[in-house]
Amino acid sequence: MPSFQTSPGTRDILPPQAGRWRAFSAQFADIVESAGYECIIPPMFEDLGVFLRLGDATDVVTKEMYDFEDKGGRRIALRPEHTAGICRAFAQHRPTTPWKVWYSGSNFRYEKAQAGRYRQFDQVGIEVLGSTDPLLDVEVISLGWQFFSSLGLKNVVLMVNSLGDLADRAAYIEALRQYLESRSGELSDEARATLQRNPLRVLDSKRAQDKPVVAGAPTIGQFLSDEARAHFASVIAGLDLLGVPYTINEGLVRGLDYYQRTVFEFVSTSLDSAQTAVGGGGRYDGLVEDLGGPATPGVGFALGIDRTLLACDSEEVFDLGSPQIDAFIVDVVDGMAALRLSDELRAAGFTVDRAYDGRSMKSQMKVADRSGARVAVIIGQDEAEAGNCTVRNLMTSDQSIVLQAELVTHLASIVGERNPRRNTQ
RNA sequence: GUGGGCGUAGCUCAGUUGGUUAGAGCGCCAGGUUGUGGUCCUGGAGGUCGGGGGUUCGAGACCCCUCGUCCACCCCA
């Protein structure tokens with residue numbers, strides 16, 4: 013065993029998996045940038061207070077925060093999610109609205125690791141600040157939906173709900189509390205404890221014992237104000253218009269306290285672990301104000317990269333290999349030709365690798381084969397003296413001798429034309 | 001945080017009721033007549049059996065502690 017290993021809940025994303033992550037983010041960027049969202053990169057740690065707004069009854073704040081005091085005596089926390097930091101950035105910089113941003117990055121929560129759950133985990137997401145338009149909620153939800161579709165995922169379902177405005181929500185929570193307390197004798201010990209902290213979360217209980225009680229609970233729908241009801245109706249109408257399939261789930265509550273009105277979650281039905289939520293979001297109209305900014309509505313979502321990729325694995329989609337190598341250079345003289353030719357070919361736009369350490373031709377050919385290269389360019393003593401090279405097509409085993417000066421055109425005839433690398437002036 | 005499963009070479013695993021210098025397959029490296037891959041053959045490198053303590057004449061195997069990992073709960077992406 014090596015002396016050091018990754019800390020609990022963290023891991024190395026090695027090649028080729030790391031390349032898949034990069035492609036994942038790139039594909040996400042393509043989709044949301046086409047809708048006018050721009051990239052934002054907030055800091056990984058902030059003043060602890062920024063994240064306390066997520067809710068003092070949530071585990072994310074009370075148990076899972078990576079917080080510490082820095083050398084300057086500041087109370088700092090590693091971000092457990094992106095939304096709060098982005099709202100803080102909005103309050104700090106006051107960009108014109110609507111402010112549409114997307115992000116891709118790591119979050120940190122001190123939890124015990126499990127399938128699809130890590131202490132350092134990555135999300136991509138979008139946020140829009142400055143508009144209450146319900147059709148914006150629709151745009152946001154539909155972009156999430158489109159992204160899952162673009163990955164090739166079929167077994168993702170969308171659940172939507174409305175938590176109402178603050179007053180609706182408060183009235184509902186009170187009614188729910190009264191109901192649950194009246195039947196607390198039937199609840200599990202765990203659910204009773206949850207009831208004290210956050211009655212909404214009892215609706216999420218997975219224990220069979222709690223199911224009958226939860227099934228009989230009052231639902232949020234009866235508590236919505238006229239405004240909240242109209243807002244939700246517009247969201248539904250918009251989803252219908254776009255043909256985005258959804259399920260209204262009145263038991264859907266989100267884990268963070270800042271949500272109001274629209275909430276939604278994307279769930280993979282092809283994951284068999286306990287973690288099936290691959291993404292979620294909603295409207296958080298009070299958050300910017302809570303952080304000391306002007307009253308500003310907001311809506312957004314976050315998708316878990318790990319879990320979504322897990323879903324891709326189980327549906328056997330979005331499967332990427334390593335990048336294709338066009339040519340592999342085998343130089344058994346002194347390596348100088350390999351150095352020069354690889355440089356020239358790369359400048360011409362080809363992907364080129366080579367062997368090192370002056371190994372035997374047989375050994376270098378093995379490495380060439382393993383690299384998956386389509387062509388081997390061989391420089392032996394004869395070629396070096398004649399100024400040419402042997403070009404071997406590793407798929408067909410055809411072989412020919414060409415002048416080194418004509419290598420670029422010859423290679424293009426085998427693997428196709430490439431765009432030369434451009435140097436910025 | 002609670003409960004359970006598991007921790008033997010880079011990877012996947014064997015290791016009989018505790019008994020001599022710990023094995024296989026894959027991978028890696030080098031050869032198989034002196035310039036060539038993917039198949040085949042031969043050889044080689046690589047492990048303080050997660051770590052610490054204990055029981056024993058003797059422990060990879062048994063006991064305790066610890067760390068890590070996986071799974072469930074909790075919570076969430």
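Converting from the first sequence to the numbering used here requires adding 12 to each position, the first position being numbered 1. Yeah, the Cβ is synthetic: ideal placement off N, Cα and C, and Gly gets one too.
Three-way DSSP call (helix, strand, coil) for residue i in this model
i, result
"S412", "strand"
"S372", "coil"
"T95", "helix"
"Q39", "helix"
"Y9", "Outside the modelled stretch of the chain, which goes from 13 to 437, sits residue 9, for which no answer is possible."
"G137", "strand"
"I185", "helix"
"E239", "helix"
"R430", "coil"
"T109", "coil"
"T144", "coil"
"Q272", "strand"
"A30", "helix"
"K378", "helix"
"V265", "coil"
"I25", "coil"
Per-residue burial, residue i [other beta carbons within 10 Å of its own, 16 or more giving buried]
i, result
"H94", "buried"
"L435", "At residue 435 the sequence reads Asn, which differs from the Leu that was named. Its Cβ having fewer than 16 others within 10 Å, N435 is exposed."
"T74", "exposed"
"A360", "buried"
"S354", "buried"
"Y368", "exposed"
"H105", "exposed"
"N431", "exposed"
"P335", "exposed"
"T108", "exposed"
"M377", "buried"
"P309", "buried"
"G85", "exposed"
"S372", "exposed"
Residue i versus the options, residue with shortest Cα-Cα distance
i, options, result
"D284", "N167, F40 and V73", "N167"
"D325", "S280, E418 and D216", "S280"
"N400", "D343, R433, I426 and D369", "D343"
"D134", "R319, A339 and A323", "R319"
"W274", "L175, D222 and F36", "In the sequence under discussion, the amino acid at residue 274 is Thr, which differs from the Trp named in the question. Of L175, D222 and F36, the residue nearest in Cα terms is L175."
"T18", "Q132, E81 and I88", "Q132"
"F276", "L303, P20, N173 and Y191", "N173"
"R382", "D365, Q411 and A125", "D365"
"T408", "V150, A388 and R204", "A388"
"A182", "W33, V226, F235 and L199", "F235"
"K223", "Q126, S196, E151 and L148", "S196"
"V225", "L299, A367, I98 and Y191", "Y191"
"W157", "A417, R358, F313 and Y368", "F313"
"L456", "R404, G117 and R65", "In the structure as shown, the chain begins at 13 and stops at 437. Residue 456 is therefore absent and cannot be evaluated."
"K218", "L165, S200 and D180", "S200"
"G67", "F36, R209 and G137", "R209"
"Y296", "V311, G304 and V290", "V311"
"S375", "I341, F244, T259 and R87", "I341"
"I98", "A125, A127 and L141", "L141"
"R447", "V403, L332 and G263", "With the chain represented from 13 up to 437, any question about residue 447 goes unanswered, as that position is not in the structure."
Opposing strand residues paired with residue i [DSSP bridges]
i, result
"R366", "I341"
"I248", "Paired residues: none, contrary to the question."
"W114", "C51 and I138"
"M171", "T259 and E277"
"A127", "DSSP, once it has assigned bridges, lists no residue as partnering A127."
"I88", "D59 and F80"
"Q132", "F120"
>> For a minimum of 3 consecutive residues, which ranges assigned as the beta strand (DSSP E) are wholly contained in the region 275 to 356?
In response: 289 to 295, 310 to 316 and 339 to 343, all fully within the region 275 to 356.
> What are the start and end residues of each continuous alpha helix (DSSP H) run of 4 or more residues lying completely inside the region 386 to 412, in chain order?
Replying inline: Within the region 386 to 412, complete alpha helix (DSSP H) segments of at least 4 residues are found at 393 to 398, given in chain order.
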